[in-house]
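Residue numbering for the sequence shown follows numbering that gives the first Met the number 0, beginning at 0 and increasing consecutively. Working notes, structure below.
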Amino acid sequence: MIIKNISILSFQNQSIQKNMDLTIVEGRISKISTSGVVSSSVSDIANEKIIDGTGKYIIPGLINAHAHTAMTLLRGVAEDVSVDDWFNKYVWIYEQGLVPDDVYTGTLIGAAEMLLSGVTAVADHYFAMDRAFDAYVKSGMRANLSWAVFGTGPDSEKQFETAMDFTKKHIGKNSRISISLAPHSPYICPEDFLIRVAAESDKLKLPMHIHVSETEDQVVQSLKKTGMTPVQVLDRTGVLRKGTILAHAYWATDDDLKLIKKRGAGIAHCAKTYMKFGDVNDLLPRALKAGVKVAYGSDGLASNNTVNIFETARDAALLAKCSTRNSETGKISDILPLLNSGEVIGLKDYGEIKEGALADLVLIDPSTPNMMPGYNIFADILYSLNNRNIHSVIVDGELVVENGKLLTIDVEELKNEAVEISKRLVATVSDKPMQSY
Ligand SMILES: [Zn+2]
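Okay, structure coming up:
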């Protein structure tokens with residue numbers, strides 16, 4: 000595939016290289032040259048797919064570092080309620096009605112939404128991940144999958160076995176899909192369980208993906224119970240390490256951040272979720288100051304309502320400004336590079352458009368009114384872009400969105416299935432709140 004006459008954007012140094020040609024061979028960018036110079040790495044030019052990039056920009060694909068993708072099926076079920084009610088009266092009750100086939104459909108909906116909004120890779124933490132795996136294979140997306148385990152309760156051992164069974168069966172099964180281990184969180188998983196998962200992680204050489212310090216109360220309770228912050232609990236149990244995705248760490252202390260940096264774990268920052276719960280904190284500016292690796296996450300759609308990561312980045316910029324009451328924080332130059340933080344979810348050769356990098360790419364067409372007149376493309380991308388501007392998306396060298404149309408999934412068919420599932424979920428929901436977590 001050759002993309003001709005395009006402008007390459009770098010979020011890292013806010014630069015633009017105009018009139019360039021990109022050649023893609025076997026899933027990687029093989030050559031970048033000034034437009035018009037035919038790449039010598041392509042032997043059979045007549046059979047190459049040529050994309051005209053005139054007037055467009057190209058960026059690396061976006062990363063969603065923490066999602067519960069199948070929760071597309073719970074979009075809009077719990078609004079304007081407290082965190083407790085959100086979990087206990089709505090989300091956990093609706094979730095009980097989901098069957099593995101729903102996870103397939105829900106994941107497919109999320110994958111479609113992500114690809115159409117420029118997200119090319121996701122770290123998905125949920126249940127029935129064998130069906131999520133099937134959905135991601137069909138979608139053409141890149142994914143890191145982890146089967147969430149609670150580590151407590153009567154089904155705990157069975158859950159753990161199911162998750163490990165999924166893990167062992169799916170390691171290396173598809174080159175676009177990697178696997179992580181997912182103890183839910185230190186507030187649900189006892190320490191001996193966390194130690195056990197960390198040992199499995201060593202044995203299988205797999206990373207981990209876990210929720211931590213989501214709310215201030217979790218930190219207070221952990222200090223009361225153990226004398227340690229939840230991040231310190233993860234460190235003591237061996238979970239805090241290079242490669243671990245920390246979902247949220249929103250109430251991490253400055254000392255926690257130093258520890259996270261020292262161990263080399265990364266944070267998935269889900270700004271929209273925090274803002275929807277009215278929870279204001281300056282985690283992002285503090286984490287960046289501490290040198291911690293950060294990517295954006297959507298979290299589940301019952302809180303975020305979308306898996307659109309451009310929107311999450313926008314929210315992260317606004318949250319950084321509001322939480323510090325300082326318009327000079329959350330700068331475009333700090334916010335945009337985190338869109339491509341592939342390292343947080345274990346991707347190598349990712350996040351910059353250069354020869355040898357993975358060919359996971361997004362073409363942006365700025366020719367719509369919302370991006371005119373175009374003084375500052377970086378500001379326009381962060382604050383003005385919408386899905387209409389996502390022209391084409393390439394994952395692993397394959398075109399998955401072309402001219403705004405998804406090539407891998409039939410969206411119309413999905414819509415009917417989603418409506419049927421939502422009707423069934425509403426009909427089966429009980430009005431009895433579950434036991435409080
Ligand atoms: Zn989550």
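Beta carbons: idealized from backbone N, C-alpha and C, even for Gly.
Inset, instruction - Give every residue of the same chain whose Cβ lies closer than 7 Å to the Cβ of Gln434, excluding the five residues on either side of it in the sequence, and list them in chain order. - result: Indexing the sequence shown from 1 puts residue 434 at position 435. Its pLDDT being 44, under 50, Gln434 is placed unreliably in this model, and the value from its coordinates should be taken loosely. Cβ within range, chain order: n/a, list empty.
Inset, instruction - Would you check if the region 97-117 and the region 63-73 touch, i.e. whether three or more CB-CB distances between them fall below 8 Å? - result: yes
Inset, instruction - May I ask you to check if the CB of Asp449 is nearer than 7 Å to at least one heavy atom of ligand 1? - result: Here the chain comprises residues numbered 0 to 436, so residue 449 is not present and cannot be evaluated.
Inset, instruction - Report the partner residues of Asp123 according to the DSSP bridge assignment. - result: Against the sequence shown, residue 123 aligns to sequence position 124. Answer is Ala66 and Leu144.
Inset, instruction - Can you tell me which of Gly299, Ser221, Tyr295 and Asp84 puts its alpha carbon nearest to the alpha carbon of Arg313? - result: Translated into the one-based positions of the sequence shown, residue 313 becomes position 314. Nearest C-alpha to Arg313: Tyr295.
Legend entry - Nearest to Ile57 (by Cα), restricted to the options Leu97, Ser14, Asn307 and Ile92: The sequence position of residue 57 within the sequence shown is 58, counting from 1. Minimum Cα distance to Ile57 is reached at Ser14.
Inset, instruction - Count the other C-beta atoms from every protein chain shown that fall within 10 angstroms of the C-beta of Tyr436, then say buried if there are 16 or more, exposed otherwise. - result: Along the sequence shown, read from residue 1 onward, the residue named residue 436 stands at position 437. Residue placement at Tyr436 is poorly supported in this model, since its pLDDT is 44, which falls under 50; the coordinates still yield a value, given next. So Tyr436 counts as exposed.
Legend entry - Inter-residue spacing [alpha-carbon to alpha-carbon] between Asn522 and Glu310: Here the chain covers residues 0 to 436 and nothing more, so residue 522 does not appear.
Legend entry - ligand 1 heavy atom lying under 7 Å from the CB of Gly265: Counting from 1 along the sequence shown, the entry for residue 265 is found at position 266. No; taking the cut-off as 7 Å, the Cβ of Gly265 has no heavy atom of ligand 1 nearer than that.
Inset, instruction - Kindly examine ligand 1 and report whether one of its heavy atoms sits closer than 7 Å to the Cβ of Gly109. - result: What you label residue 109 is simply residue 110 of the sequence shown in a count that begins at 1. Outside the cutoff, so no.
Legend entry - Assumed close pair Ser200, Pro206 - CB separation to whole angstroms, cut-off 8 Å: By one-based count along the sequence shown, residue 200 stands at place 201. By one-based count along the sequence shown, residue 206 stands at place 207. Indeed they touch by this definition, with Cβ atoms about 7 Å apart.
Legend entry - Tyr349 burial status per 10 Å Cβ neighbour count (16 or more: buried): If you number the sequence shown from 1, residue 349 lands on position 350. Counting Cβ neighbours within 10 Å, Tyr349 comes out buried, since at least 16 surround it.
Inset, instruction - Label Pro182 either buried or exposed according to how many other C-beta atoms from any shown protein chain fall within 10 Å of its C-beta, with 16 as the threshold for buried. - result: Translated into positions along the sequence shown, residue 182 becomes position 183. Label assigned to Pro182: buried.
Legend entry - Buried versus exposed call for Gln158 [16 or more other C-beta atoms within 10 Å across all chains shown]: As a working note, residue 158 is residue 159 in the sequence shown. It counts as buried.
Inset, instruction - List the endpoints of the continuous alpha helix (DSSP H) containing Thr106. - result: Residue 106 sits at position 107 when you count from the first residue of the sequence shown. Here the alpha helix (DSSP H) through Thr106 covers Pro99 to Leu115.
Inset, instruction - Using a threshold of 8 Å, state whether the C-beta atoms of Ala319 and Pro284 are closer than that. - result: By 1-based counting over the sequence shown, the position of residue 319 is 320. By 1-based counting over the sequence shown, the position of residue 284 is 285. Yes.
Inset, instruction - Label Glu112 either buried or exposed according to how many other C-beta atoms from any shown protein chain fall within 10 Å of its C-beta, with 16 as the threshold for buried. - result: Reading the sequence shown from its first residue, position 113 is the one you call residue 112. Under this definition Glu112 is a buried residue.
Inset, instruction - Taking only the alpha-carbon atoms, compute the straight-line gap between Gly263 and Thr243 and give it to the nearest angstrom. - result: Walking along the sequence shown from the start, residue 263 turns up at place 264. Walking along the sequence shown from the start, residue 243 turns up at place 244. Rounded to whole angstroms, Gly263 to Thr243 spans 8 Å at the Cα level.
Legend entry - Runs of alpha helix (DSSP H) wholly within the region 330-365 (minimum 4 residues, chain order): 331-334
Inset, instruction - Please name the residue or residues paired with Asp83 in a DSSP beta bridge. - result: As a working note, residue 83 is residue 84 in the sequence shown. DSSP lists no partner for Asp83.
Legend entry - Inter-residue Cα distance where the pair is Glu25 and Asp395: Here residue 25 is taken as the residue at index 26 of the sequence shown, counted from 1. Here residue 395 is taken as the residue at index 396 of the sequence shown, counted from 1. Distance between the alpha carbons of Glu25 and Asp395 is about 8 Å.
Legend entry - Cβ pair Pro99, Ala134 closer than 8 Å: For the purposes of this step, residue 99 is taken as the residue at position 100 of the sequence shown. For the purposes of this step, residue 134 is taken as the residue at position 135 of the sequence shown. No. Outside cutoff.
Inset, instruction - Return yes when the Cβ of Gly345 is within less than 8 Å of the Cβ of His67, no when it is not. - result: Reading the sequence shown from its first residue, position 68 is the one you call residue 67. Reading the sequence shown from its first residue, position 346 is the one you call residue 345. No, they are not a contact pair.
Legend entry - As assigned by DSSP and simplified to three states, the class of Thr225: In the sequence shown, residue 225 corresponds to position 226, counting from 1. Correct three-state label for Thr225: helix.
Inset, instruction - Let me know if Gln95 comes out buried or exposed under the rule of 16 or more other beta-carbons within 10 Å of its beta-carbon. - result: Counting from one through the sequence shown, the residue named residue 95 turns up at place 96. Under this definition Gln95 is an exposed residue.
Legend entry - Cβ contact (3+ pairs, closer than 8 Å) linking the region 272-291 and the region 315-331: yes
Inset, instruction - Might you give, ordered along the chain, the residues of its own chain that have their beta carbon closer than 7 Å to the beta carbon of Asp379, omitting 5 neighbours on each side? - result: In the sequence shown, residue 379 corresponds to position 380, counting from 1. Same-chain partners within the cutoff: Pro365, Met370 and Gly373.
Inset, instruction - Would you please verify whether the beta carbon of Thr228 is less than 8 Å from any beta carbon of chain B? - result: The structure shown contains no chain B; it is built from a single protein chain.
Legend entry - Opposing strand residues paired with Thr22 [DSSP bridges]: Counting from one through the sequence shown, the residue named residue 22 turns up at place 23. In the DSSP output, where bridge partners are listed per residue, Thr22 has Ile1 and Lys30.
Inset, instruction - Kindly identify the DSSP beta-bridge partner or partners of Gly437. - result: The question about residue 437 has no answer, for the chain in this structure spans 0 to 436.
Inset, instruction - Could you check the C-alpha separation between Asp51 and Asp20 for me, to the nearest Å? - result: In the sequence shown, the residue the question calls residue 51 occupies position 52. In the sequence shown, the residue the question calls residue 20 occupies position 21. Near 9 Å, if we compare the C-alpha coordinates of Asp20 and Asp51.
Legend entry - Straight-line Cα distance separating Leu317 from Gly60: One-based indexing of the sequence shown puts residue 60 at position 61. One-based indexing of the sequence shown puts residue 317 at position 318. Computed Cα separation, rounded: 22 Å.
Legend entry - Euclidean distance between Cα positions of Gly150 and Gly237: Your numbering for residue 150 matches position 151 in the sequence shown. Your numbering for residue 237 matches position 238 in the sequence shown. If you take the alpha carbons of Gly150 and Gly237, they lie about 16 Å apart.
Inset, instruction - Look at the alpha carbon of Gln220 and the alpha carbon of Asp255, and state the distance between them as a whole number of angstroms. - result: Here residue 220 refers to the residue found at position 221 when the sequence shown is read from its first residue. Here residue 255 refers to the residue found at position 256 when the sequence shown is read from its first residue. Roughly 16 Å between the two C-alpha positions.
Inset, instruction - Could you say which of Asp191, Ser179 and Lys137 lies nearest to Glu156 if we only look at CA atoms? - result: If you number the sequence shown from 1, residue 156 lands on position 157. Considering only alpha carbons, the answer is Asp191.
Inset, instruction - Using only the heavy atoms of ligand 1, determine whether one of them is closer than 7 Å to the beta carbon of Gly299. - result: Numbered from its first residue, the sequence shown carries residue 299 at position 300. Yes, the beta carbon of Gly299 sits closer than 7 Å to at least one heavy atom of ligand 1.
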